[in-house]
Amino acid sequence: MMLKFDPIHAIGIIISLALFYQSARLVRKRKESVFEFLLWMSFGVVLFSLAVGSAIKTVSMREQVQKIFNFVGFSSGFEGLFALAILGLLLMLFYTYINAKTNRNKLYDLNQELALLRYEVEKSQGDETPSDPTGNDD
Amino acid sequence: MDNAGEKATEVEENRSRSVLAIIPAHNEADTICEVIREAKEYVDDVIVIDDASTDDTRDVAKNVAAGVITHPKNMGVGGAVHTGYQVAISDNYDVVVQLDADGQHDPSHIPTMLTRLEEDGTDMVIGSRWLNESYKDYSVVRRAGISFFTYEVNLLGGLDITDVTSGYRAYDVDMLEDLGRPENSHWALEQTLEAARKGYSIDEISVPMPPETDGSQFTLETFIKYPPRMALTSLKVLLFR
Chain A
1242 MMLKFDPIHA
1252 IGIIISLALF
1262 YQSARLVRKR
1272 KESVFEFLLW
1282 MSFGVVLFSL
1292 AVGSAIKTVS
1302 MREQVQKIFN
1312 FVGFSSGFEG
1322 LFALAILGLL
1332 LMLFYTYINA
1342 KTNRNKLYDL
1352 NQELALLRYE
1362 VEKSQGDETP
1372 SDPTGNDD
Chain B
-11 MDNAGEKATE
-1 VEENRSRSVL
9 AIIPAHNEAD
19 TICEVIREAK
29 EYVDDVIVID
39 DASTDDTRDV
49 AKNVAAGVIT
59 HPKNMGVGGA
69 VHTGYQVAIS
79 DNYDVVVQLD
89 ADGQHDPSHI
99 PTMLTRLEED
109 GTDMVIGSRW
119 LNESYKDYSV
129 VRRAGISFFT
139 YEVNLLGGLD
149 ITDVTSGYRA
159 YDVDMLEDLG
169 RPENSHWALE
179 QTLEAARKGY
189 SIDEISVPMP
199 PETDGSQFTL
209 ETFIKYPPRM
219 ALTSLKVLLF
229 R
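Chains as they are written, first to last, in my numbering: chain A, 1242 to 1379; chain B, -11 to 229.
In structure tokens, the structure reads:
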């Protein structure tokens, strides 16, 4: 197997390792975000494969990528650009979904906290005048 | 009822640990009162977690339960039971029993669950409909779904249980303190898998459960949605817990 590393390959590998580190950091800190883990890990794997794969000169990475692009209906030029743009949009969509999910979990936490606080207040007041928990007091 | 009453008194006398029953409820005004009354015979206190009901669940429950906690917004069963666990932990109860508000779970099985917890030192006891004939009354789709999820949890958690989706459970509170917050849906799978992987002991008792209750919907749509969610839930436990 013949390897020929250019600076661009090294940059690709470094970035993919950073993405792996980000995935590992999520696990170590127990962030509990499976989607975020999958996002960084999958992009890391793709980038690492491209970086290492294109450095192996016995297999032409460019040809392989071109074959895959042709197979799914994209060829070079503008269509290839569109394919990359779609990938970029998917990344943004994925990331937006993660943010929405994180915010929803925070709302659940606040919802629970509010319910427990109301319960504590009612208990300490002897439960004399319970307020409408939905907030529709008027 | 006399037998149940005598049994309850016997259990009360033999019990050395404080027991809290938690009942998650969403629009269960018709049935919750009876469930609370029956459960009270076997435990120290009963609290209801009203998951943003739009009917009279809260008002009905307040008349008979020791406490009612009301979520301002609906969270799902996982969120509701977790709120109940928080109360049990902060109020220093030793044991939590959890049962549905729709009457599917017969409270007369609570003494058997408590006995398993106290005498056998089990950390979690699950009421299984697979240890009796009642599971045969369920639809094929529902039975297939429950069997699939149980198989997966057994495989990943090294368990040998029969009904992982059952919500009729009793817990040692020390274990609950150690478990993470479950998702609002599929909480039972997540909780069981996490407990198993952390080395807690899980046991089952036979509890007949009728399928025709409003709170127990398991449709084809649920069956299709569950596998990917199940995969994510499993990944979450395997990676982060």
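Note that beta-carbon positions come from the ideal geometry of N, C-alpha and C, so glycine has one too.
Supposed close pair alanine 27/B, proline 99/B - CB separation, criterion 8 Å: In this structure alanine 27/B does not touch proline 99/B by the C-beta definition: roughly 11 Å separates them, more than the 8 Å allowed.
Length at least 4, wholly inside the stretch 1318 to 1374 of chain A: the alpha helix (DSSP H) runs in chain order: Counting whole runs of 4 or more residues, the stretch 1318 to 1374 of chain A contains the alpha helix (DSSP H) stretches 1319 to 1365.
Cβ-Cβ distance between serine 41/B and alanine 13/B below 9 Å: Closer than 9 Å, so yes.
Cut-off 8 Å between Cβ atoms - residues of its own chain near proline 1248/A, not counting five sequence neighbours on either side: Excluding positions up to five away in sequence, the list is empty.
Boundaries (first-last residue) of the alpha helix (DSSP H) holding leucine 1267/A: Boundaries of the alpha helix (DSSP H) around leucine 1267/A: 1248 to 1269.
Of the listed residues Val56/B, Asp43/B and Ser4/B, nearest to isoleucine 11/B (C-alpha basis): When only C-alpha atoms are compared, the closest one is Val56/B.
Aspartate 44/B beta carbon near the ligand HEM (any heavy atom closer than 8 Å): Judged by which ligands are present, the structure shown has none, so any question about the ligand HEM falls away.
Assigned secondary structure, tyrosine 159/B (DSSP; H/G/I helix, E/B strand, else coil): In the structure shown, tyrosine 159/B sits in a strand (DSSP, three-state: E or B).
Residues of the stretch 52 to 69 of chain B whose Cβ lies closer than 7 Å to any Cβ of chain A, in chain order: For the stretch 52 to 69 of chain B, which is checked against every Cβ of chain A, the residues closer than 7 Å are Gly55, Ile57, Thr58, His59, Pro60, Lys61, Met63 and Gly67.
Partners in chain B for threonine 1341/A, counting only beta-carbon separations shorter than 7 Å: The sequence given here places alanine at residue 1341/A; threonine does not occur at that position. None at all; the shortest Cβ gap to chain B is about 15 Å.
Below-9 Å beta-carbon distance, arginine 5/B vs any chain A residue: Not closer than 9 Å to any Cβ of chain A, the Cβ of arginine 5/B fails to qualify, so no.
Beta carbon of isoleucine 190/B nearer than 9 Å to that of aspartate 82/B: With respect to aspartate 82/B, isoleucine 190/B sits apart: the two C-beta atoms are not nearer than 9 Å.
4-residue-minimum alpha helix (DSSP H) runs that sit fully inside the stretch 106 to 179 of chain B, ordered along the chain: Listed in chain order, they are 128 to 145 and 161 to 166.
Buried/exposed call for methionine 197/B, threshold 16 Cβ in 10 Å: The residue in question, methionine 197/B, is buried, as its Cβ has 16 or more Cβ neighbours within 10 Å.
Three-state class that DSSP yields for valine 85/B in the structure shown: Three-state result, valine 85/B: strand.
Closer than 9 Å to chain B by CB, lysine 1347/A: Chain B, which has no Cβ nearer than 9 Å to the Cβ of lysine 1347/A, makes this no.
Which listed residue (His70/B, Asp39/B, Val34/B and Val36/B) has its alpha carbon closest to that of tryptophan 175/B: Per the C-alpha coordinates, the member of His70/B, Asp39/B, Val34/B and Val36/B positioned closest to tryptophan 175/B is His70/B.
Three-state secondary structure assigned by DSSP to proline 12/B: Here proline 12/B sits in strand by DSSP.
Any chain C beta carbon closer than 9 Å to arginine 1359/A: No chain C appears in the structure shown, which is made up of the protein chains A and B.
Under 8 Å by beta carbon: chain A residues contacting threonine 150/B: At a beta-carbon threshold of 8 Å, none of the residues of chain A lie near threonine 150/B; the nearest stands roughly 27 Å away.
Leucine 181/B at chain A interface by Cβ criterion, 9 Å: It does not: the Cβ of leucine 181/B has no partner Cβ on chain A nearer than 9 Å.
Residues that aspartate 33/B bridges to, as DSSP identifies them: Answer is Leu8/B, bridged to aspartate 33/B.
Beta-bridge partners of isoleucine 190/B, as assigned by DSSP: BP columns for isoleucine 190/B point to Met112/B.
Threonine 177/B: contacting residues in chain A (beta-carbon distance under 8 Å): It should be noted that the sequence gives leucine, not threonine, for residue 177/B. Going along chain A, no residue has its Cβ under 8 Å from leucine 177/B, so there is no contact; the nearest lies around 14 Å.
C-alpha distance - serine 116/B paired with valine 1293/A, whole-angstrom precision: Going by the C-alpha atoms only, they are around 52 Å apart.
CA-to-CA distance, tyrosine 188/B to leucine 105/B, given in whole angstroms: One Cα belongs to leucine 105/B, the other to tyrosine 188/B, and the distance between them is close to 12 Å.
Threonine 71/B: contacting residues in chain A (beta-carbon distance under 8 Å): Going along chain A in sequence order, the residues near threonine 71/B (Cβ under 8 Å) are Gln1353, Ala1356 and Leu1357.
Close Cβ partners of glutamate 165/B (< 6 Å) along its chain, the five nearest in sequence each way excluded: Closer than 6 Å at Cβ, skipping near neighbours: Ile77.
Residues that phenylalanine 1261/A contacts on chain B, provided the C-beta gap is smaller than 7 Å: Correct list: empty, because the minimum Cβ distance to chain B is about 14 Å.
Proximity below 9 Å, CB of valine 195/B to CB of alanine 158/B: The beta carbons of valine 195/B and alanine 158/B sit no closer together than 9 Å.
Below-9 Å beta-carbon distance, valine 48/B vs any chain A residue: No, because no Cβ of chain A sits closer than 9 Å to the Cβ of valine 48/B.
Coil, strand or helix - glycine 64/B by DSSP: The answer is coil: DSSP assigns glycine 64/B none of H, G, I, E or B.
Opening and closing residue of the beta strand (DSSP E) in which threonine 58/B lies: Membership of threonine 58/B in the beta strand (DSSP E) is indicated by the continuous run 55 to 58.
Cβ-Cβ distance between leucine 102/B and valine 161/B below 9 Å: Note that the C-beta distance between leucine 102/B and valine 161/B is not below 9 Å.
Beta-carbon neighbours of glutamine 74/B, restricted to chain A and to distances below 7 Å: From the beta-carbon of glutamine 74/B, the residues of chain A found nearer than 7 Å are Leu1357.
Contact set for tryptophan 1281/A: own chain, Cβ-Cβ below 6 Å, skip 5 residues either direction: Here the set comprises Leu1260, Gln1263 and Ser1264.
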